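The block underneath contains the structure these notes are about, expressed in structure tokens.
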Amino acid sequence: MSGVSMSSMITEPLDLVKLCLDEQAYDQHLNMVLEDAKETVTNFEDDRDQVNDGEIGEKTVQTHSYKLLFVRGDSVVLVSPPKRA
Amino acid sequence: MTERVAVLTNDGRILIGILEGLDIKTNLLLKDTIEKVFSIDSEVENIELGLYIIRGDSITLLGPVDKELEDSIKWDEIRCQPIKPIVH
Amino acid sequence: MLFHSFFSTLIGKKITLHLKNDVSIEGTLTSIDQFLNVKLEDIKVHNADKYPHLLFLKNIFVRGSVIRYVDLPFEEVDTALLQDATRREAQLLKQKSMGDPKTLAV
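Protein chains in written order, with full-length UniProt numbering: chain A, 1 to 85; chain B, 1 to 88; chain C, 1 to 106.
What follows is the structure, encoded as structure tokens:
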């Protein structure tokens, strides 16, 4: 790797995805299989009247854990590398 | 083919009818179609629709109606919200 | 193709589909096609109190495009093999796109 600079290895977006998902499975549609996946769903109560008053509804956060999860690529909007310990 | 099938559409409707035909894109032709309308404050309503063509890409899921299971359900006791539409 | 092959290896196994209408359905995978449309057997809808709509169905066909997640049986999957296949597929795609600019559109 020393002779080749990192930037020449990365020539298209999927190369970055490859870096992010090195230990996981994925394809060009961004379908992927994630191990030990954690899902966080943040919801603000959708009360139209309150929105008009300039207030945001009550916030609820739900988390789910999955040992092994297939994610369909068409709902993927962003892929980011995991934080290194 | 005289199988009764149930179809859940992307907008959350449930249609049941006799499968008369289908094509490669899973467009369906249903005969004697009814729509089962679920509601939180009244019992399940069956609306007769007749002959229906359903476009394949608006179908969420489908399956043959299991007569035994269907008969075991107390339809007049069911009160629930309709299924939400598909959000991509 | 990668995930089609992958799901083919899971035929006969129990999986849970989480759909884009917030319905979750558990069942035994009986069939999968190239669009990742799936057939499930002996289904059970999660949270049946809220979703009694599909109680009269036992076997279903689900369109691949309405699936958000698939919860997989961890013990049944060889993740190392899957990663290998991913690398091969990515390499193949790269070769294709470098050799012929037209294939970049995939």
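Even for Gly, the Cβ is constructed at its ideal location relative to N, Cα and C. Because the structure is a prediction, the values reported are computed rather than measured.
**Prompt:** If you drop the 5 nearest sequence neighbours on each side, which residues of the same chain put their C-beta closer than 6 Å to that of H46(C)?
**Reply:** S24
**Request:** Check M32(A) in the structure and name its three-state DSSP category.
**Result:** strand
**Asked** What's the gap between the Cα of N59(C) and the Cα of P82(B)?
**Response** 21 Å
**Request:** Go through the UniProt domain "Sm" (2-76) of chain C residue by residue and report every complete run of the beta strand (DSSP E) that reaches 3 residues or more, in order.
**Result:** 14-19, 24-32, 38-45, 60-62, 67-71
**Residue span of the alpha helix (DSSP H) that contains E68(B), given as start and end** = 67-72
**Message:** Going by DSSP, what residue range makes up the alpha helix (DSSP H) through D15(A)?
**Reply:** 13-20
**Request:** To the nearest angstrom, report how far apart E45(A) and F56(C) are at their CA atoms.
**Result:** 33 Å
**Contact between the region 36-43 of chain C and the region 57-77 of chain C (3+ Cβ pairs under 8 Å)** = yes
**Asked** Any C-beta of chain C sitting closer than 8 Å to the C-beta of D32(B)?
**Response** no
**Prompt:** Going along chain B in order, which residues have a C-beta closer than 7 Å to the C-beta of P52(C)?
**Reply:** I78, C80
**Prompt:** Looking at chain B, which residues of the region 59-92 of chain C have a Cβ within less than 8 Å of any of its Cβ atoms?
**Reply:** N59, I60, F61, V62, R63, S65, V66
**Asked** Short check: CB of G17(B) to CB of I40(B), under 8 Å?
**Response** no
**Prompt:** For L10(C) versus E75(C), is the C-beta spacing smaller than 8 Å?
**Reply:** no
**Message:** Per DSSP, what are the beta-bridge partners of H88(B) in this structure?
**Reply:** Paired residues: none, contrary to the question.
**Item:** Nearest-angstrom Cα separation, counted from L51(B) out to Y66(A)
**Value:** 43 Å
**Request:** Going by CA-CA distance only, name the one from D57(B), C80(B), D66(B), H88(B) that's closest to L22(B).
**Result:** D57(B)
**Asked** Does L30(A) come within less than 8 Å of chain C when only Cβ atoms are used?
**Response** no
**Asked** Is L2(C) close to chain E, meaning its C-beta is less than 8 Å from at least one C-beta of that chain?
**Response** Given the protein chain composition of this structure (A, B and C), no chain E is represented.
**Message:** On a Cα-Cα basis, can you pick out the residue from V44(B), L8(B), R55(B), D32(B) that is closest to I24(B)?
**Reply:** R55(B)
**Message:** So, under 8 Å CB-CB, K31(B) and E20(B) are touching, yes? Tell me the CB distance rounded to an integer number of Å.
**Reply:** 5 Å
**Asked** What is the DSSP secondary structure of G57(A), reduced to helix, strand or coil?
**Response** coil
**Asked** DSSP beta-bridge partners for S65(A)?
**Response** K38(A)
**Message:** Looking at chain C, is there any beta carbon in it that lies within less than 8 Å of the beta carbon of K67(A)?
**Reply:** yes
**Prompt:** Under 8 Å between the Cβ atoms of L17(C) and T30(C)?
**Reply:** no
**Asked** Cβ of E26(C) within 8 Å of Cβ of K44(C)?
**Response** yes
**Prompt:** Considering only C-alpha positions, which residue in the set D15(A), M32(A), L14(A), P13(A) is nearest to D71(C)?
**Reply:** M32(A)
**Message:** Quick check on this structure: which residue in N43(A), L69(A), E39(A), V71(A) has the alpha carbon closest to the alpha carbon of E58(A)?
**Reply:** N43(A)
**Request:** Say whether chain C places a C-beta atom closer than 8 Å to the C-beta of P64(B).
**Result:** yes
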